[in-house]
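Residue numbers (this note's numbering): 3 to 394. The structure under discussion appears below in the form of structure tokens.
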Amino acid sequence: MPVANSIADAAAQLTEWRQDFHRHPELGYQEHRTSGTIAERLRAMGFDAVETGIGGTGVIGVLHGRNGPGDEAHSVMLRADMDALPMQEMNDLAHKSQTDGTMHACGHDGHVTMLLGAAQHMAQTRAFDGTAYFCFQPAEEGGAGAKAMIEDGLFDRFPCRSVYGMHNWPGTPVGSFHCRSGPILAAADEFSITLKGLGGHAAKPEACIDPVPCGAAIVQAMQTVVSRRTDPLSPAVVTITQFKAGDAFNVIPDTVTLGGTVRTFDTALHNTIHAQIERLAGQIAAAHECEGSVERSKKFYPETVNDAAETAFCLDVARSIVGTENVHDGIEPTMGSEDFSFFALQKPACFIMIGNGDSAGLHHPEYDFDDANCVWGASYWSALVEKALPLK
Ligand SMILES: [Zn+2]
Ligand SMILES: [Zn+2]
């Protein structure tokens with residue numbers, strides 16, 4: 003099954019849609035223009051139902067096959083995320099972001115467009131038997147929009163047997179697909195450490211309790227959490243990304259705050275690491291006579307785990323579109339994370355990567371989604387539904 007003619011013919015239109023989304027990026031839970039445009043297009047395509055406002059700004063398009071609605075066993079869900087990032091675009095493109103400080107640097111503009119491309123084709127052909135749910139999710143970038151949709155009754159209102167996700171992947175050729183069974187993306191969360199000392203004149207350290215060397219000692223000690231406290235065969239990352247201290251050259255600050263992130267493929271290991279962070283920070287603070295407190299963020303993205311059978315199925319779908327030589331199974335997992343993991347905890351699921359050529363990396367200010375992907379991605383989505391829910 004190569005690319006369907008109607009999808010190939012829509013390439014210019016999909017590029018236009020993608021670049022329009024790129025021009026108008028919106029942050030998590032603020033995707034009002036984006037979700038409004040999506041809902042409008044799905045309705046114009048003749049979708050059987052379009053539900054908005056799910057988990058904030060989420061949209062579900064409901065499309066029945068030729069023989070009417072399917073029950074849970076004959077329904078699948080396809081997911082695209084919609085949000086942009088709070089960063090300044092450095093590209094000089096005609097379609098560059100028109101909103102200062104906000105940018106589609108993760109290609110979610112492309113994810114939305116690939117799914118809309120499939121929606122348009124499938125609304126015309128309906129070459130499947132059952133129901134396909136087109137899920138447009140808010141706030142993937144740290145806002146756990148997937149969780150918000152689930153808590154808003156997603157799977158009760160739109161019962162389905164499996165869920166599928168896709169992310170573009172810079173550094174691999176356009177028209178290639180990459181996947182693995184089992185864990186593919188890491189679990190992630192954040193922590194912050196506050197160190198309270200006693201500020202004062204920089205020339206009188208003996209009258210102060212300086213939290214700066216205390217913070218420095220904690221940063222050093224954090225380097226031993228993974229190297230000394232975790233199994234070398236279990237991947238883990240602890241990175242300190244923030245060190246906030248004083249504002250003046252001649253003032254010892256009262257307080258230092260540190261921030262960082264933890265990544266693993268194992269929730270139990272995740273908890274062990276946080277316990278060690280707390281122990282080190284607390285006792286080092288005490289040794290420096292500072293008051294130390296550690297806060298673990300409530301935002302936790304579990305590891306994304308691909309179901310074995312669904313992965314085999316999705317790889318076959320990809321092979322049918324781009325040929326065996328362009329589909330790569332058994333890729334290395336990455337320490338990045340995705341809130342698609344919340345869907346994968348509820349249903350058998352597969353999250354696949356689609357090549358994005360030699361663009362800048364994800365979250366880079368010069369990143370851009372490759373528009374040639376729109377056709378490949380839309381074709382993958384359509385073929386997936388047609389194979390998962392074959393016409394009798
Ligand atoms: Zn991202
Ligand atoms: Zn992303």
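The C-beta atom is built at its ideal place from N, Cα and C for all residues, glycine as well.
Can you check which of these residues, the options, is closest to residue i by C-alpha distance?
{"i": "Val52", "options": "Phe160, Gly72 and Glu74", "result": "Phe160"}
{"i": "Ala418", "options": "Ala10, Thr336 and Met116", "result": "Any answer about residue 418 is impossible in this case: the structure gives the chain only from 3 up to 394."}
{"i": "Ser299", "options": "Phe130, Val61, Gly261 and Cys316", "result": "Gly261"}
{"i": "Glu340", "options": "Ala218, Tyr166 and Ser8", "result": "Tyr166"}
{"i": "Ala121", "options": "Gly48, Gln244, His365 and Ser99", "result": "Gly48"}
{"i": "Leu393", "options": "Met92, Thr133 and Gln90", "result": "Thr133"}
{"i": "Glu305", "options": "Asp249, Gly338, Arg25 and Met151", "result": "Gly338"}
{"i": "Gly177", "options": "Cys352, Thr196, Glu297 and Gly357", "result": "Gly357"}
{"i": "Gly332", "options": "Ser322, Met355, Ser343 and Ala346", "result": "Met355"}
{"i": "Leu246", "options": "Phe345, Pro213 and Phe179", "result": "First, the amino acid is wrong: residue 246 is Lys here, not Leu. Nearest of Phe345, Pro213 and Phe179 to Lys246, Cα basis: Pro213."}
{"i": "His97", "options": "Val253, Glu368, Ser194 and Gly363", "result": "Glu368"}
{"i": "Ala205", "options": "Arg230, His180 and Val253", "result": "Val253"}
{"i": "Ala283", "options": "Val258, His272, Gly103 and Gly119", "result": "Val258"}
{"i": "Lys198", "options": "Glu293, Ile186 and Leu118", "result": "Glu293"}
{"i": "Thr196", "options": "Ser295, Ala125 and Asp372", "result": "Ser295"}
{"i": "Pro71", "options": "Asp50, Ala385 and Ile279", "result": "Asp50"}
Where does residue i land, buried or exposed, given buried means 16+ other C-beta within 10 angstroms?
{"i": "Val387", "result": "buried"}
{"i": "Leu95", "result": "exposed"}
{"i": "Phe251", "result": "exposed"}
{"i": "Leu235", "result": "exposed"}
{"i": "Met79", "result": "buried"}
{"i": "Met92", "result": "exposed"}
{"i": "Thr243", "result": "exposed"}
{"i": "Asn7", "result": "exposed"}
{"i": "Asp268", "result": "buried"}
{"i": "Gly217", "result": "buried"}
{"i": "Ser99", "result": "buried"}
{"i": "Pro237", "result": "buried"}
{"i": "Asn273", "result": "exposed"}
{"i": "Arg81", "result": "buried"}
Near residue i, which residues of its chain fall below 6 Å by C-beta distance, leaving aside the five closest residues on each side in sequence?
{"i": "Glu1", "result": "Lying outside 3 to 394, the shown extent of the chain, residue 1 is not represented and no answer is given."}
{"i": "Pro350", "result": "Ser164, Asp309 and Glu312"}
{"i": "Val61", "result": "Ser37, Ile40, Ala41, Thr54 and Phe138"}
{"i": "Leu200", "result": "Cys210 and Ile211"}
{"i": "Gly58", "result": "Tyr31, Pro140 and Ala150"}
{"i": "Arg265", "result": "Ala188, Ala190, Val239 and Met337"}
Considering only residues of the same chain and omitting the five flanking positions on each side of residue i, which have a CB-CB separation below 8 Å?
{"i": "Phe157", "result": "Gln348 and Lys349"}
With 7 Å set as the bound, which would you pick, yes or no: does the beta-carbon of residue i sit closer than that to a beta-carbon of chain B?
{"i": "Lys301", "result": "No chain B is present in this structure, which holds just one protein chain."}
CB-CB under 7 Å to residue i, same chain, minus the five flanking residues each way: which ones, in chain order?
{"i": "Thr241", "result": "Gly262 and Thr263"}
{"i": "Ala10", "result": "Val377"}
{"i": "Leu317", "result": "Cys181, Val329 and Asp331"}
{"i": "Cys108", "result": "Leu87, Glu143, Leu364 and His365"}
{"i": "Ala361", "result": "Before going on, a small fix: residue 361 reads as Ser here, not Ala. Pro172, Tyr369, Asp370 and Asp372, listed in sequence order."}
Stretch pair the segment 141-152 + the segment 19-34: three plus CB contacts closer than 8 Å: yes
Sequence-ordered residues whose beta carbon comes within less than 7 Å of a heavy atom of ligand 1: Leu87, Cys108, Glu142, Glu143, Leu364 and His365
Stretch-stretch touch, CB-based, cutoff 8 Å, three pairs: the segment 221-234 with the segment 316-330: no
The segment 109-123 in contact with the segment 15-24 per 3-pair CB rule at 8 Å: yes
Three-pair Cβ contact test at 8 Å for the segment 125-142 versus the segment 64-78: yes
Stretch-stretch touch, CB-based, cutoff 8 Å, three pairs: the segment 373-384 with the segment 169-180: yes
Three CB pairs or more closer than 8 Å across the segment 33-40 and the segment 73-88: yes
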